[in-house]
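Protein chains in written order, with the working numbering: chain S, 9 to 343; chain A, 21 to 309.
Accompanying notes for the structure given below.
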Amino acid sequence: MGPELDFEKPILELQEKISELKKFMDEKGIDLSDELNHLQERLADLEKDTYGSMTPWERVRVARKLNRPTTLDYIPLLFTDFIECHGDRLYGDDPAIVAGIAKFHGRPVTVIGEQRGRDTKENIMRNFGSPHPEGYRKALRLMKQADKFHRPIITFIDTKGAFPGKAAEERGQSEAIARNLFEMSGLSVPVICVVIGEGASGGALAIGVGNHILMLENAWYSVISPEGAAALLWKDAGKAEEAAKTMKITGSDLKKLGIIDKLIPEVLGGAHHDPKKQAEFIDQALIESFEELSQLTADQVRNQRLAKYRAIGNYETVQENQTNQLIFSYSSDRQ
Amino acid sequence: MKDFFTKKKKYATVPSTKARQDVPEGIVRKCPKCKKIMYVKELSKHLFVCQSCGYHYPIGAHDRAEMLFDQDSYVEFDEKMVSLNPLRFPNYMNKLESDRKKTGLNEAVWTGKGTIEGFEAAVAIMDKGFRMGSMGSVVGEKITRLIEYADKNGIPVIIFSASGGARMQEGVLSLMQMAKTSGALKTFSENGGLYISIMTHPTTGGVSASFASLGDYNFAEPGALIGFAGRRIIEQTIGEELPDDFQTAEFLLKHGQLDQVIPRSELRTVLGQVLSIHVGGGAEEWDRN
Ligand SMILES: [Zn+2]
Chain S
9 MGPELDFEKP ILELQEKISE LKKFMDEKGI DLSDELNHLQ ERLADLEKDT
59 YGSMTPWERV RVARKLNRPT TLDYIPLLFT DFIECHGDRL YGDDPAIVAG
109 IAKFHGRPVT VIGEQRGRDT KENIMRNFGS PHPEGYRKAL RLMKQADKFH
159 RPIITFIDTK GAFPGKAAEE RGQSEAIARN LFEMSGLSVP VICVVIGEGA
209 SGGALAIGVG NHILMLENAW YSVISPEGAA ALLWKDAGKA EEAAKTMKIT
259 GSDLKKLGII DKLIPEVLGG AHHDPKKQAE FIDQALIESF EELSQLTADQ
309 VRNQRLAKYR AIGNYETVQE NQTNQLIFSY SSDRQ
Chain A
21 MKDFFTKKKK YATVPSTKAR QDVPEGIVRK CPKCKKIMYV KELSKHLFVC
71 QSCGYHYPIG AHDRAEMLFD QDSYVEFDEK MVSLNPLRFP NYMNKLESDR
121 KKTGLNEAVW TGKGTIEGFE AAVAIMDKGF RMGSMGSVVG EKITRLIEYA
171 DKNGIPVIIF SASGGARMQE GVLSLMQMAK TSGALKTFSE NGGLYISIMT
221 HPTTGGVSAS FASLGDYNFA EPGALIGFAG RRIIEQTIGE ELPDDFQTAE
271 FLLKHGQLDQ VIPRSELRTV LGQVLSIHVG GGAEEWDRN
């Protein structure tokens with residue numbers, strides 16, 4: 009299961025108690041199944057309570073678990089015939105973004121996803137999932153190819169953000185991100201984006217301009233990481249827990265804000281408890297999105313995507329008395 | 021004037037950081053680069069460029085509009101649009117109100133249209149005096165509307181960026197303004213629209229990673245700080261000190277990210293030339309022959 013988090017400790021303790029009791033029953037040959045059933049019921053309740061009422065910060069920590077499924081874990085569970093395509097044809101190949109072609113239920117698609125490591129060694133190789141400009145440019149190359157061959161695009165967002173490095177600036181990471189936003193706006197094929205773990209800043213958005221934005225229950229998506237927000241807003245990165253709440257970064261927050269289209273449920277305790285089952289939930293959500301988007305013509309696909317982002321904003325024009333109230337549950341506190 | 025002399029004297033005897041800030045901004049300004057003190061009146065005649073070292077003072081949107089457009093040729097758009105505080109961020113509305121008073125702007129960007137060297141253009145000018153020029157819902161909406169106006173009326177777009185990046189207090193909505201403005205530029209571009217981006221000090225974060233980098237021509241003012249990530253964060257991440265010119269306009273020019281670095285005194289002339297080359301979409305003169 010990987011390292012448990014503090015709020016999960018009571019669950020772990022109860023699990024240990026149950027296995028001890030089982031062992032005791034086996035060794036001594038005494039039937040204590042009433043007691044065992046009772047404990048197992050308590051465990052089920054505890055898990056339901058604990059995982060059903062996670063705070064935003066607890067979700068952030070689940071999203072960061074090293075054993076949480078990544079793009080490369082989902083690809084074989086969701087697609088067949090995946091062929092990875094490397095390189096941006098300009099500078100190099102960025103291992104923090106994986107891209108390629110595949111089949112989804114027999115139909116051709118292009119798949120692009122951010123990829124962190126699943127252990128320290130892989131994390132170093134993949135730069136902890138923080139892309140360089142060549143990553144965004146590889147993604148764009150594959151997206152334009154998808155447009156040419158009329159293949160829908162599925163992207164998996166999972167990054168702490170663009171890489172704050174010297175080389176990334178020298179090679180124009182601002183331009184690379186901006187170019188992707190610009191070109192993705194003009195694609196004539198459906199683009200479905202799934203936030204599977206972390207989604208921060210331009211690094212997430214650079215492969216995130218889609219017709220549908222889906223998000224796993226414990227994933228988070230924001231303009232910056234909770235630590236970064238706390239440092240900028242309150243000069244104290246230690247206030248990340250508070251920032252996770254204030255910044256409204258969870259899937260349910262973003263659904264209420266009208267930013268994402270669909271919240272994909274996670275298996276109890278988080279995707280890492282059962283990646284195969286989790287992939288089934290994602291598969292189901294993707295099928296639903298494809299059914300909806302395949303009704304649209306190429307022009308409509310493009311216009312739907314443009315209109316989706318065009319509508320995002322929360323402002324009013326005092327003079328005209330016009331209000332753009334996209335927000336559903338957070339009313340304003342105008343003073 | 022009396023006040024000026026007493027303050028100046030104070031500065032001369034106590035050259036601490038605090039005292040330096042006490043130089044009365046309204047009358048004189050001290051060049052941060054060469055330390056020369058100059059009358060604001062004199063500076064404004066020279067477009068707020070230090071005459072001894074060439075340092076370009078950051079300027080507000082109103083001053084920029086005044087020095088950019090042909091006299092009395094411009095009007096402002098959407099000057100009444102305000103944010104509704106989507107995340108109910110504590111104290112945000114008060115901060116907006118105080119910046120409105122401070123800058124005389126409704127938000128961190130001024131938008132409008134006017135003529136430059138006789139050519140009509142839709143222009144956005146960001147102001148770092150308003151919430152560090154950060155982009156939230158209103159900045160994104162005003163810029164998007166400006167691009168749509170230019171598209172409908174067949175005129176060029178010019179955007180002067182000056183921004184610390186995305187507006188933290190509007191969270192993910194700020195991030196999405198990057199996609200919104202870039203989408204508007206995509207449509208405008210496909211319809212043949214001309215967009216000139218001028219990056220001024222500072223152009224960073226979500227603004228540099230969206231519309232500021234998407235010009236048909238990307239220009240910058242000398243010495244402007246331009247980049248995505250902050251210098252201190254990069255130094256912490258890679259564990260090395262960065263060169264002095266890192267993320268300056270000149271650095272970006274060297275690395276192929278800009279068409280030109282243009283001194284403020286030459287900007288109107290260069291803009292006039294670029295606009296003249298694009299009259300009627302630019303190919304008209306050839307089509308006729
Ligand atoms: Zn100077």
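Positions of the beta carbon are idealized from the N, C-alpha and C atoms, including for glycine.
In the structure shown, D236 (chain A) falls within a coil segment according to DSSP collapsed to helix, strand and coil. In the DSSP annotation of this structure, S217 (chain A) is not part of any alpha helix (DSSP H); the continuous beta strand (DSSP E) holding it starts and ends at Y215 to T224. Using a CB distance cut-off of 8 Å, D98 (chain A) counts as an interface residue toward chain S. Nearest neighbour of I109 (chain S) by Cα position, chosen from S:E142, S:G194, S:E235 and S:F157, turns out to be S:F157.
Counting along the chain, T254 (chain S) sits inside the alpha helix (DSSP H) bounded by residues A248 to T254. Residue pairing for I145 (chain A): DSSP places it in a beta bridge opposite A:W130 and A:F180. Taking CB atoms only, V177 (chain A) has no neighbour in chain S less than 8 Å away. The nearest non-hydrogen atom of ligand 1 is 7 Å or more from the C-beta of K65 (chain A). Looking at the backbone, the Cα of L301 (chain S) and that of E117 (chain A) are separated by about 43 Å.
V217 (chain S) places its beta carbon 8 Å or farther from that of I165 (chain S). When Cβ pairs closer than 8 Å are counted between the two stretches, the stretch 166-178 of chain S is seen to touch the stretch 206-213 of chain S, the count reaching three or more. Boundaries around A175 (chain S) are those of the alpha helix (DSSP H), K174 to E178, since no beta strand (DSSP E) includes it. Under a 10 Å Cβ-count criterion, T88 (chain S) is classified as exposed, with fewer than 16 other Cβ atoms of the shown protein chains found around its own Cβ.
The three-state secondary structure of S302 (chain S), taken from DSSP, is coil. Between the alpha carbons of Y112 (chain A) and V231 (chain S) lies a gap of roughly 17 Å. Scanning A:E137, A:E286, A:T201 and A:S194 for the CA closest to the CA of I297 (chain A) turns up A:E137. Only residues of its own chain outside the window of five on either side were considered, and among them R251, I254 and E255 have a CB closer than 8 Å to the CB of L262 (chain A), listed in chain order.
Proximity to ligand 1 was defined by a C-beta distance below 6 Å to any of its heavy atoms, and the residues meeting it, in sequence along the chain, are A:C51, A:K53, A:C54, A:K56, A:C70, A:S72, A:C73 and A:Y75. When DSSP states are grouped into helix, strand and coil, V158 (chain A) belongs to the helix group. Per DSSP, reduced to three states, the secondary structure at G108 (chain S) is strand. In this structure the stretch 88-102 of chain S lies against the stretch 110-120 of chain S, because at least three pairs of beta carbons, one per stretch, are closer than 8 Å. Burial state of Q303 (chain S) is exposed, judged by a 10 Å Cβ sphere holding fewer than 16 other Cβ atoms. Cβ-Cβ distances below 6 Å link P222 (chain A) to L245 in the same chain, with the five nearest sequence neighbours on each side left out; the list follows chain order. By the beta-carbon neighbour count (other beta carbons within 10 angstroms, threshold 16), N211 (chain A) is exposed.
A residue is called buried when at least 16 other Cβ atoms come within 10 angstroms of its Cβ; W65 (chain S) meets this threshold and is buried. If you keep only unbroken beta strand (DSSP E) runs of at least 3 residues inside the stretch 98-174 of chain S, you get 105-112, 115-122 and 161-167. The alpha carbon of V290 (chain A) has as its nearest neighbour, out of A:W130, A:K206 and A:F139, the alpha carbon of A:F139. Residue state for Y169 (chain A) is assigned as helix, using DSSP reduced to three classes. No Cβ of chain S is located within less than 8 Å of the beta carbon of Q280 (chain A). Closest in C-alpha terms to H275 (chain A), from the list S:K174, S:A315 and S:T58, comes S:K174.
Put simply, of S:C201, S:A147 and S:I215 the residue whose alpha carbon is nearest the alpha carbon of I272 (chain S) is S:C201.
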